[in-house]
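Here numbering that gives the first Met the number 0 is used: the first residue of the sequence shown is 0, the next is one more, and so on. All C-beta atoms, glycine included, are put in the ideal place defined by N, C-alpha and C.
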Amino acid sequence: MRWLLLVLVACKPIEIDDKKRVDDDTAVTTPTPSPTTPSTPEGHPEFSNPDEATDLDADPDVLHVALTAAAHTHSIGGEQIAGYAYNGQTPGPTLRMKIGDTLIVDLQNDLDVETTIHWHGVAAPYDMDGVTWQMAPVAAGDSFTYQFEIHEAGTFWYHPHFDTESQVDLGLYGVLIVEDPAEPSADEELIMVFDAWDEVSDHTDEAADHHGLDPARVAWTVNGGLLPIYEGTGGTTARVRVLNVSNTGYLDLPPMRQIGEDQGLLPAAIDDERAVLGPGDRVEFEWLIEDSWTLQASPYSVNGGEAWGDDFDLLEIEVASTDSATPVSWPFSGDRPSIDPGHTDIVYVFTGESGGEGWMINAEIFPDVTVEELPLGAEAIVEIRNLSPAEHPFHMHGHHFEVLSLGGEIPAFKRITDTVNLPIGQALRIRLVADNPGDWMTHCHILPHAHQGMMTVLRVLE
Ligand code: C2O
Ligand code: CU
């Protein structure tokens, strides 16, 4: 709900709960109906990757960047929308590094509210993870330096974890790419950050939980642009990294060749498989740039059943020549999934409903939650059951995990991830190695659900 900002600029989030220090999503927000209708964009912007951050350090093994969070006016299809941005760009600067590098980020908070940065998908050290009980939020006008090494390759993203629902919604997010130098490269790498803007609608906050349902009421942007045009060179290949940073919208993409997801390359390509990205989720495709086409998404129902509405356009691919391209030989490992040992160490049951008692994990509403504990180094089998009438993207901080099965189905290949969508009535079984000590946030990444209580804490003992 982009219109929240009208309210948010005027009134500050209420204080976080100091007794518990576990309440990071506390802004009281009231949606305001939009007084305007969208203007039709005149022409389409040219597609480009988000600008990359400038490395302030000459050391090739260190990426040192400066990020300033400040108020920003987003210009979406001719509409001016007040919000926030990092370094004045939507999305924020892409941070690109390689496995084993040190990331140093000097965050300057020029907002008039507190903020933090969370490194979504990265197993960051506890005090760098950006959750308010793990580090003090950075006060308005203050700065903070994040510094840690990253030892995993993948397509990650960064966003605040203070008043998350509104700060992400207002535009604070950017891409973090960790490359594995052993991998071959495609001719081109395309980064596509998808966000949904519903400033054109006048529905209530509750209805906004499901705005992925109704393409007529939201506009999806790619890197901040409405239906951009990508001018491709015929006969080339592209590694396409796709991120869904929207608060609530699901992105249902047509069948394409999938080569990676949250944590880098897959063990094998999955050809012609539809990709459904819940909020926070990522996928990688290989595109052979051979002819012109339009990337479309389908409306998606998070409440089960058929979604209504028509497919809608996201990106135009324009290619002048029709030369054929040769696929890259990606170093797929072929790794098979681990065998499910059959026992369960932790169970998370997702329940709730819109307008009811709220969205809950194990019938508890955050921050009043039971903290599950694991000894350091333990291998744990966690079962997440979705008994609610809606889908939820399950996300865990500090760790990635292996999917053992989803809805009883064992993946064809080993699947390491950090965000997985939970279909209604199904169970997800995961295996994780508790190797990062701390009290880690575990939550639904539909941010209004998290805000309403669908979060819990997993403690990994020292
Ligand atoms: Cu994208 Cu708790 O995070
Ligand atoms: Cu949810």
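- By the neighbour-count criterion, in which a residue is buried when 16 or more other Cβ atoms sit within 10 angstroms of its Cβ, ARG240 is buried.
- Inclusion of HIS119 and PHE155 in the CB contact set at 7 Å is warranted, their separation being smaller than that value.
- Distance from the CA atom of GLY424 to the CA atom of ARG384, rounded to whole angstroms, is 7 Å.
- In the displayed model, TYR172 falls within coil according to three-state DSSP, outside both helix and strand.
- Partner residues in the beta bridge of PRO392, as assigned by DSSP, are ASN420.
- Under DSSP, ASP271 forms no beta bridge with any residue.
- Contact between ARG273 and ASP251 holds, since their C-beta atoms are separated by about 7 Å, short of 8 Å.
- Contact check between the stretch 109-124 and the stretch 166-184: three or more CB pairs, one atom from each, fall below 8 Å, which counts as touching.
- Straight-line measurement puts the Cα of ASP179 at about 6 Å from the Cα of LYS97.
- No Cβ-Cβ contact shorter than 7 Å links GLY333 with GLN451.
- Look at which beta carbons fall closer than 6 Å to any heavy atom of the ligand C2O; those residues are HIS117, HIS119, HIS158, HIS160, GLY279, HIS394, HIS396, MET440, HIS442, HIS444.
- Cβ-Cβ distances below 7 Å link ALA377 to ALA433 in the same chain, with the five nearest sequence neighbours on each side left out; the list follows chain order.
- Only residues of its own chain outside the window of five on either side were considered, and among them MET359, LEU386, SER387 have a CB closer than 6 Å to the CB of THR350, listed in chain order.
- Set against 6 Å, the gap from the CB of MET453 to the closest heavy atom of the ligand CU is smaller.
- According to DSSP, ASP105 shares a beta bridge with ALA65, THR144.
- Scanning its chain for C-beta atoms nearer than 7 Å, with the 5 sequence neighbours on each side dropped, one finds around ASP270 the residues ARG256, in chain order.
- In the DSSP assignment, ALA181 falls outside any beta strand (DSSP E), carrying neither H nor E.
- If you check the CB distance, ILE80 and GLN146 do not come in under 7 Å.
- For TRP307, the number of other beta carbons within 10 angstroms of its own is below 16, and it is reported as exposed.
- At a threshold of 6 Å, HIS448 counts as near the ligand CU, since its beta carbon sits closer than that to one of the ligand's heavy atoms.
- The continuous alpha helix (DSSP H) containing LEU446 extends over residues 446-450.
- When the five nearest sequence neighbours on each side are left out, the beta carbons in the same chain lying within less than 8 Å of the beta carbon of THR93 are those of ASN48, PRO49, ASP50, GLU51, ALA52, GLY173, VAL174, LEU175, ILE176, ILE190, in order along the chain.
- DSSP places GLN257 in the uninterrupted beta strand (DSSP E) bounded by 250-260.
- Under DSSP, ARG430 forms a beta bridge with ILE380, GLU401.
- In the three-state scheme derived from DSSP, where H, G and I count as helix and E and B as strand, VAL167 is classed as helix.
- Less than 7 Å divides the Cβ of ASN108 from the Cβ of ALA68.
- In this structure GLY223 is in contact with HIS73, their Cβ atoms being roughly 7 Å apart against a cut-off of 8 Å.
- In the structure shown, ASP339 adopts coil according to DSSP, grouped into three states.
- C-alpha of MET134 to C-alpha of GLU151: approximately 23 Å in a straight line.
- DSSP places TYR229 in the strand class (E or B) of the three-state scheme.
- ARG335 counts as exposed, since fewer than 16 other C-beta atoms from the protein chains shown sit within 10 angstroms of its C-beta.
- Remark: C-beta atoms of GLU461 and PRO436 approach each other more closely than 7 Å.
- Residue ranges of uninterrupted beta strand (DSSP E) with 3 or more members, entirely inside the stretch 320-368 and ordered along the chain, are 345-352, 357-360.
- Nearest Cα to VAL459 within the set VAL244, THR232, LEU265, ILE345: ILE345.
- Note that the C-beta distance between GLY82 and LEU169 is below 7 Å.
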